[in-house]
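Protein sequences, first through last, are from chains A and B. Read in order, the letters of the first sequence correspond to residues 42 to 363 in the working numbering. Read in order, the letters of the second sequence correspond to residues 42 to 363 in the working numbering. All residues carry an ideal CB built from backbone N, CA and C; glycine is no exception. Beneath this line is the structure, given in structure tokens, with notes to follow.
2 protein chains.
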Amino acid sequence: MLLDKVRYIIKKHRLIERGERLVIGVSGGPDSVALLYVLNSLKRELKLTLHIAHLDHMLRKDSCKDAEFVQRLAQRLKIPITSGQIRVKELARKGSLEEIARNARLGFLFRVAKDIKTRKIALGHNLDDQAETVLMRILRGCGLYGLAGILPKREISGFQIIRPLIEVRRREINAYLKQRGIRPRLDASNLEDIYLRNKIRNRLLPLLEEGYNKNIKDLLCNLAECAGMDYDYLDKRALRFLKQFRKLNLKKIMALHPALLRLVLRKSIAYLAGNTRRLTFRHMQELEDLIYNRPINSIVDLPGNICVIKKKNHLSINKKAQ
Amino acid sequence: MLLDKVRYIIKKHRLIERGERLVIGVSGGPDSVALLYVLNSLKRELKLTLHIAHLDHMLRKDSCKDAEFVQRLAQRLKIPITSGQIRVKELARKGSLEEIARNARLGFLFRVAKDIKTRKIALGHNLDDQAETVLMRILRGCGLYGLAGILPKREISGFQIIRPLIEVRRREINAYLKQRGIRPRLDASNLEDIYLRNKIRNRLLPLLEEGYNKNIKDLLCNLAECAGMDYDYLDKRALRFLKQFRKLNLKKIMALHPALLRLVLRKSIAYLAGNTRRLTFRHMQELEDLIYNRPINSIVDLPGNICVIKKKNHLSINKKAQ
Numbered sequence: 042m043l044l045d046k047v048r049y050i051i052k053k054h055r056l057i058e059r060g061e062r063l064v065i066g067v068s069g070g071p072d073s074v075a076l077l078y079v080l081n082s083l084k085r086e087l088k089l090t091l092h093i094a095h096l097d098h099m100l101r102k103d104s105c106k107d108a109e110f111v112q113r114l115a116q117r118l119k120i121p122i123t124s125g126q127i128r129v130k131e132l133a134r135k136g137s138l139e140e141i142a143r144n145a146r147l148g149f150l151f152r153v154a155k156d157i158k159t160r161k162i163a164l165g166h167n168l169d170d171q172a173e174t175v176l177m178r179i180l181r182g183c184g185l186y187g188l189a190g191i192l193p194k195r196e197i198s199g200f201q202i203i204r205p206l207i208e209v210r211r212r213e214i215n216a217y218l219k220q221r222g223i224r225p226r227l228d229a230s231n232l233e234d235i236y237l238r239n240k241i242r243n244r245l246l247p248l249l250e251e252g253y254n255k256n257i258k259d260l261l262c263n264l265a266e267c268a269g270m271d272y273d274y275l276d277k278r279a280l281r282f283l284k285q286f287r288k289l290n291l292k293k294i295m296a297l298h299p300a301l302l303r304l305v306l307r308k309s310i311a312y313l314a315g316n317t318r319r320l321t322f323r324h325m326q327e328l329e330d331l332i333y334n335r336p337i338n339s340i341v342d343l344p345g346n347i348c349v350i351k352k353k354n355h356l357s358i359n360k361k362a363q
Numbered sequence: 042m043l044l045d046k047v048r049y050i051i052k053k054h055r056l057i058e059r060g061e062r063l064v065i066g067v068s069g070g071p072d073s074v075a076l077l078y079v080l081n082s083l084k085r086e087l088k089l090t091l092h093i094a095h096l097d098h099m100l101r102k103d104s105c106k107d108a109e110f111v112q113r114l115a116q117r118l119k120i121p122i123t124s125g126q127i128r129v130k131e132l133a134r135k136g137s138l139e140e141i142a143r144n145a146r147l148g149f150l151f152r153v154a155k156d157i158k159t160r161k162i163a164l165g166h167n168l169d170d171q172a173e174t175v176l177m178r179i180l181r182g183c184g185l186y187g188l189a190g191i192l193p194k195r196e197i198s199g200f201q202i203i204r205p206l207i208e209v210r211r212r213e214i215n216a217y218l219k220q221r222g223i224r225p226r227l228d229a230s231n232l233e234d235i236y237l238r239n240k241i242r243n244r245l246l247p248l249l250e251e252g253y254n255k256n257i258k259d260l261l262c263n264l265a266e267c268a269g270m271d272y273d274y275l276d277k278r279a280l281r282f283l284k285q286f287r288k289l290n291l292k293k294i295m296a297l298h299p300a301l302l303r304l305v306l307r308k309s310i311a312y313l314a315g316n317t318r319r320l321t322f323r324h325m326q327e328l329e330d331l332i333y334n335r336p337i338n339s340i341v342d343l344p345g346n347i348c349v350i351k352k353k354n355h356l357s358i359n360k361k362a363q
């Protein structure tokens, strides 16, 4: 059952080609352990070469037990493994714990992928994670991109992150593990948004399922899929514009459809700032006001030390010296 | 304050041109009464010609009092009025009460607009209605179009529905009315989704505001605005395709981006079925499966007596005889 479903997801989203090498991020929790077993079962059929990556965040005293557990798993399945350690808390003195843990985790996965000469990394996010993420994004405020939630396939810095379990319920994963007598470690918190996510998981989603729509999780995941598809189309159109016109010529951008203009602006800002996570709806409205209504040489300051100046013929986006 | 805001909304969404004739739908409830007063205040500035339309749904015993109230309002403001009556309950024997009431209301507004030789109709939906609608759509399942919620400007059958209060809070409307000593009738239920909407209004939104994000209503409205903009862009691209290629040539539609393909299919179906309200995510997936995977002459049946046949070179969408 689960195997068929994952096969279907892989095909539908074109996640894996025959003969590929894959890094699998394995925390030791149910999702990543199930992912490991499933991909191991598909190994021969898809001619895959698998490699496990485990990063110990050293946030709990017994986190080394997760590492040992994953080591034993690797031995049992005869799959090579790279383990790493990182003292997130020490690094985090300089910034947000979430962001630093996320970057450290990605950096580690990228290094392992590079070592084994692949660009593809599989992670164990499931349908419930997806529903929680979409709801969390809605509650924090988002647009189309945020609604797309966790993408089944995503490029970051030239690496491809794939999620073969993204349409599988947590319930199905647990049933699969139980049936096979596999006992994973308790899910190590992924550190991200742990407070809000738990509240959404344990209180809001059950309330919505009971009082409003028992299929709410599926609906949120369908919404994410539609939003992801629509965003991808807009994204491609915006990229095409940016490749064609390196400079943001005022006349040219004013002739764009407003939906495309917003995306062109976001992408230009992300290019300098690294991301647009702190860019709000109000910022975008201010930029539109700058472009359409304010006099030449007006300036809009944005998060991430970005400033946007309306020049005579073009829009100039700059990163300020820190 | 409210006047400035409505002026801003009208400008931003280009709702009204100077010198236009407007039908205003006035139920007698706070929203439509405030809309009437605000547009009356802007009358000279925008050189508007106003006309009130009131439809009595005859669902409550005292609904004629709403009609009398709106009549007196029209006299006081010296604005011509057309009143109508409709026994929704009798009509509704043949179908859903919501749908029939909605169509009857629109039909009445269109007739009044035609009589006074205009195509523009103003309605009183506000920001709270918008937030409730978006949340309701999410809870029932929707894509980008559903997320756009109540559009500030919308074409239906050649008429243009505008909502100048769509970014105004219910609270602001009530404050405006109180300050001017205007006492509207209690909001006549608009019949649509009354049970779910009330539950969302009175229970879910307060819970989300208190426990998750006090700005949730604004965020839902921002989301609606972004989704509306993005949808408009996709819609224009899909329309362009449909104008260029009347027949759904299989090769041509398979070369489309999947986001555009879905919209092209939806629009083709809506053209025959009247709308796509009963078309679900699963139906769309089935159509994609038909196009990409099933053999020639395969058929997919859809709600609204629509059937889609995969021919050798094109996709044939037909309405079955009833």
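- Taking B:E196 as reference, the option from B:I257, B:R307, B:D273 with the minimal CA-CA separation is B:D273.
- Closer than 8 Å to the CB of A:H298 there is at least one CB belonging to chain B.
- Distance from the CA of A:L185 to the CA of A:P299, rounded to the nearest whole angstrom, comes to 14 Å.
- Looking at the backbone, the Cα of A:G69 and that of A:H98 are separated by about 13 Å.
- Note on the stretch 137–179 of chain A: whole alpha helix (DSSP H) runs with a minimum of 4 residues are 138–156, in chain order.
- Within 8 Å of the CB of A:C348, no CB atom of chain B is found; the nearest one sits about 24 Å away.
- Distance from the Cα of B:R211 is smallest, within the candidate group B:E58, B:H166, B:A265, for B:H166.
- Counting along the chain, no alpha helix (DSSP H) covers A:D103, and no H or E run does either.
- Using beta-carbon distances, A:L185 counts as an interface residue toward chain B, with a partner under 8 Å.
- At least 8 Å separates the CB of A:M99 from every CB of chain B.
- Put simply, of B:L76, B:V175, B:S73 the residue whose alpha carbon is nearest the alpha carbon of B:R238 is B:V175.
- In summary, no residue of the stretch 210–226 of chain B has a CB separated from any CB of chain A by less than 9 Å.
- Judged by DSSP in its simplified three-state form, B:F282 adopts helix.
- For B:P71, the closest of B:K288, B:L297, B:I214 by C-alpha to C-alpha distance is B:I214.
- A:I358 has A:V349 as its beta-bridge partners, per DSSP.
- Less than 8 Å separates the beta-carbon of B:L43 from that of B:V79.
- Straight-line measurement puts the Cα of A:I257 at about 6 Å from the Cα of A:E250.
- Residues of chain B whose Cβ lies closer than 8 Å to the Cβ of A:R181 are, in chain order, N254, L260.
- Within its own chain, the residues whose Cβ lies closer than 8 Å to the Cβ of B:I241, once the five positions on either side in sequence are excluded, are E173, L176, M177, L180, listed in chain order.
- Interface criterion not met: the Cβ of A:Y49 is under 8 Å from no Cβ in chain B.
- According to the DSSP assignment, B:V341 belongs to the beta strand (DSSP E) that extends over 340–343.
- B:G199 is positioned such that its CB atom lies no closer than 8 Å to that of B:F322.
- Counting along the chain, B:V74 sits inside the alpha helix (DSSP H) bounded by residues 71–87.
- Looking at A:A265, A:R62, A:G315, the one whose alpha-carbon comes closest to that of A:K155 is A:R62.
- Scanning chain A for C-beta atoms nearer than 7 Å to the C-beta of B:M270 yields P299, A300, reported in chain order.
- Per DSSP, reduced to three states, the secondary structure at A:A94 is strand.
- With fewer than 16 other Cβ atoms inside 10 Å of its own Cβ, B:C105 counts as exposed.
- Residue range 43–53 is occupied by the alpha helix (DSSP H) that includes B:K46.
- From the beta-carbon of A:F322, the residues of chain B found nearer than 7 Å are N263.
- Within chain B, no residue has its CB atom less than 8 Å from the CB of A:I93, the nearest being about 33 Å off.
- Going by C-alpha positions, B:E139 is about 60 Å away from A:I120.
- Judged by DSSP in its simplified three-state form, A:N334 adopts coil rather than helix or strand.
- Look at the beta carbons and you see the stretch 289–308 of chain B not touching the stretch 216–225 of chain B: under three pairs across the two are nearer than 8 Å.
- Under DSSP, B:V64 forms a beta bridge with B:H92, B:I162.
- Interface annotation, A:D273: in contact with chain B, CB-CB separation under 8 Å.
- Fully enclosed alpha helix (DSSP H) runs of no fewer than 4 residues occupy 235–240, 246–252 of the stretch 212–281 of chain A, in order along the chain.
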